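Protein chains in written order, with the numbering used here: chain A, 1333 to 1532; chain B, 1333 to 1532.
Protein chains: 2
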Amino acid sequence: MDRYSEHPPEGPGRPERTARPPLARIAASIRTERERIGLSLTELAKRAGIAKSTLSQLESGTGNPSVETLWALGVALDVPFSRLVDPPRPRVTVLRLGEGATVPSEHADYTVTLLASCPPHARRDLYVLRVEPGAPKTSEPHSPGTTEHAVVASGRALIGLSDEPLELGPGDYISYPGDVPHICQALEAGTTIVVAMEHV
Amino acid sequence: MDRYSEHPPEGPGRPERTARPPLARIAASIRTERERIGLSLTELAKRAGIAKSTLSQLESGTGNPSVETLWALGVALDVPFSRLVDPPRPRVTVLRLGEGATVPSEHADYTVTLLASCPPHARRDLYVLRVEPGAPKTSEPHSPGTTEHAVVASGRALIGLSDEPLELGPGDYISYPGDVPHICQALEAGTTIVVAMEHV
DNA sequence: ACCATGCGTTCGCTATGGAGAACACTCGAT
DNA sequence: ATCGAGTGTTCTCCATAGCGAACGCATGGT
């Protein structure tokens, strides 16, 4: 699978943590974000109040920015700072009820299933959706870097990317990029869905 | 220094982002975390591979650490880096089905309720719990800074802090600190709960 | 053709973050 | 009271992050 498979069932332990600061990744992030906003290196440097030489070196992977500098960039890019320190993005994933790695438990009548380990420093806002059958509710893409996670609590629904939605029932889980057109349509009355909206 | 003052005003909608890097807060975080682990300044410095003088200055709010340094501290403290950069913590919150701010929608048969806006840079891992009635499942405190969010999908359950759990039904939402003893007990067969585990 | 204006890179120079030693302080043990 | 081992603080020195200027390279206007 993808990046999730590499997370060993994130045990009782703590989130993984690399030994060395991802300077290269920071470099990449900055460049990516900058280009996404459509700013030139010169402009960004000016806006962030840092020398463009500094920025240039940062983007080339050279150097080890101070918090002050990196923060200024975060502000200028309107990006949650730590986003600059961390990585890329997922695809559509489905976990049917009963599927998925189950964390062993001392109680037999108690089951925990990890749906999605949170990418470092992403934001996940939690929602409950209550949908009635009817016209499909299509969403225009949200801001880039968004991922949606949904668990159907009750009812049935058609959820996912607009071009290939999936039918899900109670307990089923799906995640998909939120920055492309996607859809949510109830198939039964009183369909309830728990959604985590992830802004990386 | 005041290179930040020239920054354009905060864009609406986005997560709050202060104009200046929270050096004071970083200082506080480091000290807090260090003391929580019960390490001396000297020990931590050694473990992180930085000079204790540096650490001392950092904790006193003086200075502007490089990413390298801060990262080393994050590793040594076993703390998700961005935790060092960000702030305090929540309490128990309950949102019964139908309560809560509802985002207006163009469709009458479509309701979105915001449960919990994600604090900047928190991690939220998603789980599904399937619990059968029986002995209450009590959890020892997880790592400091953890918050749990739970939405009951089906059934009924007694959830919350060990000393004052609450009975929740389908659609109900609760959040509570995960770093103190808490409890989860099903009251009906086939109780399903969606949980977001938040490591700040 | 030419210059003007934008880009991102590379050059010193200086301000400062970080390392290490020396420092003052608080405890127990002798 | 005196030492020893621990704490956290404050020094001095050096490596370097960050700055500003100069550079090379693409544009497009005249």
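Ideal Cβ placement from N, Cα and C applies to all residues, glycine included.
Small disclaimer: the values here were computed from a predicted structure and weren't measured.
In the DSSP assignment, find the unbroken beta strand (DSSP E) run with residue i in it and report its ends.
{"i": "B/G1305", "result": "The structure shown does not extend to residue 1305 of chain B, since chain B is modelled only from 1333 to 1532, so the question has no answer here."}
{"i": "A/I1515", "result": "H1514 to A1518"}
Label residue i either buried or exposed according to how many other C-beta atoms from any shown protein chain fall within 10 Å of its C-beta, with 16 as the threshold for buried.
{"i": "B/S1372", "result": "exposed"}
{"i": "A/G1393", "result": "exposed"}
{"i": "B/G1492", "result": "buried"}
{"i": "B/A1467", "result": "exposed"}
{"i": "A/G1370", "result": "exposed"}
{"i": "B/P1502", "result": "buried"}
{"i": "B/A1485", "result": "buried"}
{"i": "A/D1504", "result": "buried"}
{"i": "B/P1509", "result": "buried"}
{"i": "A/P1412", "result": "buried"}
{"i": "A/A1521", "result": "exposed"}
{"i": "B/P1497", "result": "buried"}
{"i": "B/P1397", "result": "buried"}
{"i": "B/T1470", "result": "exposed"}
Bridge partners of residue i, per DSSP?
{"i": "A/V1484", "result": "A/I1525"}
{"i": "A/T1374", "result": "The partner list for A/T1374 (beta bridge, DSSP) is empty, contrary to what the question assumes."}
{"i": "B/E1499", "result": "B/L1490"}
{"i": "A/K1469", "result": "A/C1516"}
Please list, in chain order, the chain A residues whose beta carbon lies closer than 8 angstroms to that of residue i.
{"i": "B/P1502", "result": "A1485, S1486 and T1524"}
Taking residue i as the query, report the chain A residues whose CB atoms sit under 7 angstroms from its CB, ordered along the chain.
{"i": "B/L1390", "result": "Those do not exist, as B/L1390 stays about 10 angstroms from chain A at its closest Cβ, beyond 7 angstroms."}
{"i": "B/H1481", "result": "L1458"}
{"i": "B/L1402", "result": "V1399"}
Kindly indicate the opening and closing residues of the alpha helix (DSSP H) around residue i.
{"i": "B/I1362", "result": "L1355 to I1369"}
{"i": "B/L1387", "result": "K1384 to E1391"}
{"i": "B/L1409", "result": "V1399 to L1409"}
Along chain B, in chain order, which residues have C-beta atoms closer than 8 angstroms to that of residue i?
{"i": "A/S1398", "result": "N1396, P1397, S1398 and V1399"}
{"i": "A/G1528", "result": "For clarity, residue 1528 of chain A is Ala in the given sequence; the question names Gly instead. In chain order: R1456, L1458 and A1528."}
If I measure Cβ to Cβ from residue i and keep anything under 7 angstroms in the same chain, skipping five residues before and after, which residues do I get?
{"i": "B/A1489", "result": "V1463, L1500, C1516, Q1517, A1518, L1519, T1523 and I1525"}
{"i": "A/L1458", "result": "A1528"}
{"i": "A/H1474", "result": "G1510 and D1511"}
{"i": "B/L1355", "result": "G1393 and N1396"}
{"i": "A/S1494", "result": "T1470, P1513, H1514 and I1515"}
{"i": "B/V1399", "result": "none"}
Name, please, each residue of chain A whose Cβ falls closer than 9 angstroms to the Cβ of residue i.
{"i": "B/I1358", "result": "V1399"}
{"i": "B/V1512", "result": "The contacting residues do not exist; B/V1512 stays about 17 angstroms from chain A at best."}
Name, please, each residue of chain B whose Cβ falls closer than 9 angstroms to the Cβ of residue i.
{"i": "A/L1371", "result": "None at all; the shortest Cβ gap to chain B is about 13 angstroms."}
{"i": "A/L1519", "result": "Residues of chain B passing the Cβ test: none, with the nearest at roughly 13 angstroms."}
{"i": "A/A1383", "result": "Here the premise fails: no neighbours, minimum Cβ distance about 11 angstroms."}
Closer than 8 angstroms by C-beta to residue i: which residues in its own chain qualify, once you throw out the five before and the five after it? Chain order, please.
{"i": "B/I1382", "result": "T1401, A1404 and L1405"}
{"i": "B/L1416", "result": "I1358, S1361, I1362, E1365, L1402, L1405, G1406 and L1409"}
{"i": "A/L1387", "result": "I1362, L1373, L1376, A1377, A1380 and L1405"}
{"i": "A/P1465", "result": "Q1517, A1518, L1519, E1520, A1521 and T1523"}
{"i": "A/Q1389", "result": "G1395"}
So residue i contacts chain B; which residues on that side make the cut at Cβ distance below 7 angstroms?
{"i": "A/Y1508", "result": "Going along chain B, no residue has its Cβ under 7 angstroms from A/Y1508, so there is no contact; the nearest lies around 14 angstroms."}
Among residues of its own chain, excluding the 5 on either side of residue i, which ones have a beta-carbon nearer than 6 angstroms to its beta-carbon?
{"i": "B/T1374", "result": "K1384"}
{"i": "A/L1461", "result": "I1525 and V1527"}
{"i": "B/R1379", "result": "A1408"}
{"i": "A/E1391", "result": "A1359, I1362 and R1363"}
{"i": "B/A1482", "result": "I1491, I1506, I1525 and V1527"}
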